[in-house]
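Asks: Dropping the structure in here first, questions after.
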Amino acid sequence: MRIFYTDTFVLPLPPGHRFPMTKYSRLRRRIAESGMVPLEAFRLPHAATPEELATSHDDTYVAKVRAGELEPAEQRRIGFPWSPGMVERSLRSSGATIEACRAALEDGISVSLAGGTHHAFRDRGEGFCVFNDSSIAARTLQAEGKVKQVAVLDCDVHQGNGTAAICAGDPSIFTFSIHGEKNFPYRKEVSDLDIALPDGTGDETYLAALGEGLDGVFSTGRPDLAIFLAGADPWHGDRWGRLRLTKAGLAARDRLVLDRCAEAGVPVAITMAGGYAPVVEDIVDIHYQTVERAVSMAVGA
Ligand SMILES: [Zn+2]
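In the numbering used here, each residue carries its 1-based index in the sequence shown increased by 13.
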């Protein structure tokens, strides 16, 4: 199983910034040290190309990001200050999801230790998201003729508003989002299937709702590829989560999603999406168990 990573491309943040950037390198280190995959499994992705970005973004927005011409308000909306490193990291992150999708088609399952930047719209970024990697990857593989139907299974606690907006009216990409009703983004977009959960939702209710959601996704037909956004932010200790899932509950979520894909014979590329627990190792724990599950399924395949 191939694992794509981007943490060597540094996105510089000012002192005191609350984004837990170190989670990415710590996660890669923990996976490497576990020995669960050989070191050759780790791959550096390419930077998404202009053609790949153009599947999902306006040329003017991409040009502004590349040239460092985002207005201060646009940068504030994204939440990261502009820097050449921010551009490179964002391009590599989208490249990682594209390559994870290609690898999933060959191996059945693959992981990007980045991505899930689902708040990026055609013409703007927000919520720590610059480019919409899910849409870019889905449409790039479609353009390559590798897949026709793609399902985006967005289990980050925040609604996949950018993905829903970009893919609205596109029957070849099914967007599913299960998220906190009262959470950011406060103005929701319309996915093909949205499940909005009240504050404080725990494991049992979440898993029942997720099961029904997956029934809905797979009842529409068998996609050629799924992209699973395995956000760590539904965890009860997350700073910006508002739900009450335990780590065991999140492991059960991963099993549910990955088992349903396996049963349906659908290759799946996994991205990390959000995670904002005050103690970074808690975020790493949650993503680690997702990767562990994916590796066990790849070995068993
Ligand atoms: Zn999130």
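Beta carbons: idealized from backbone N, C-alpha and C, even for Gly.
1. Is Val170 near ligand 1 - that is, is its Cβ less than 7 Å away from at least one heavy atom of it?
2. Where does the unbroken alpha helix (DSSP H) through Ala151 begin, and where does it stop?
3. Three-state secondary structure (DSSP) at Phe134?
4. Buried or exposed: Gly158, going by 16 or more other Cβ atoms within 10 Å of its Cβ?
5. Tell me, which residues are paired with Gly193 by DSSP?
6. Quick check: does the Cβ of Asp246 come within less than 7 Å of any heavy atom belonging to ligand 1?
7. Can you tell me whether Val30 is buried or exposed, with buried defined as 16 or more other CB within 10 angstroms of its CB?
8. Kindly indicate the opening and closing residues of the alpha helix (DSSP H) around Phe32.
9. Does the beta-carbon distance from Leu242 to Arg273 come in below 8 Å?
10. How far does the alpha helix (DSSP H) with Val230 in it extend, from its first residue to its last?
11. I want to check one thing, is the minimum distance from the CB of Leu287 to the heavy atoms of ligand 1 below 7 Å?
12. Report back the beta-carbon spacing between Gln155 and Lys201 to the nearest angstrom; my notes put them in contact at under 8 Å.
13. Taking 8 Å as the limit between beta carbons, can you name the residues of its chain near Arg99, skipping five residues before and five after?
14. Pick from Pro97, Pro184, Ile179: whose alpha carbon is nearest that of Thr130?
15. In the DSSP assignment, find the unbroken beta strand (DSSP E) run with Val281 in it and report its ends.
16. Which of the three DSSP states, helix, strand or coil, is assigned to Ala127?
17. For the beta strand (DSSP E) that Val163 lies in, which residues bound it at each end?
18. Return yes when the C-beta of Gly278 is under 7 Å from any heavy atom of ligand 3, and no when it is not.
19. Starting from Leu271, trace the alpha helix (DSSP H) both ways and give me its first and last residue.
20. May I ask which residues mark the beginning and end of the alpha helix (DSSP H) holding Gln104?
Replies: Taking the definition as stated:
1. In this structure, Val170 has its CB closer than 7 Å to one or more heavy atoms of ligand 1.
2. Here the alpha helix (DSSP H) through Ala151 covers 146 to 156.
3. coil
4. It counts as exposed.
5. Answer is Leu210.
6. Between ligand 1 and the CB of Asp246, the shortest heavy atom gap is smaller than 7 Å.
7. For clarity, residue 30 is His in the given sequence; the question names Val instead. Its Cβ having fewer than 16 others within 10 Å, His30 is exposed.
8. Premise fails: Phe32 is in no alpha helix (DSSP H) and is neither H nor E.
9. no
10. Element bounds for Val230: 216 to 232.
11. Contrary to the premise, residue 287 reads as Gly rather than Leu in this sequence. Yes, since a heavy atom of ligand 1 falls inside the 7 Å radius drawn around the Cβ of Gly287.
12. 26 Å between Cβ atoms; not a contact.
13. Looking at the sequence provided, one finds Met at residue 99 rather than Arg. If we look at Met99 and ignore the five residues flanking it on each side, its Cβ neighbours are Leu24, Pro25, Phe93, Val143.
14. Ile179
15. 281 to 284
16. coil
17. 163 to 167
18. Questions concerning ligand 3 fall outside what the structure shown contains, since the ligands it does hold are ligand 1.
19. 260 to 277
20. Checking the displayed sequence, the identity of residue 104 turns out to be Leu instead of Gln. Counting along the chain, the unbroken alpha helix (DSSP H) around Leu104 starts and ends at 97 to 120.
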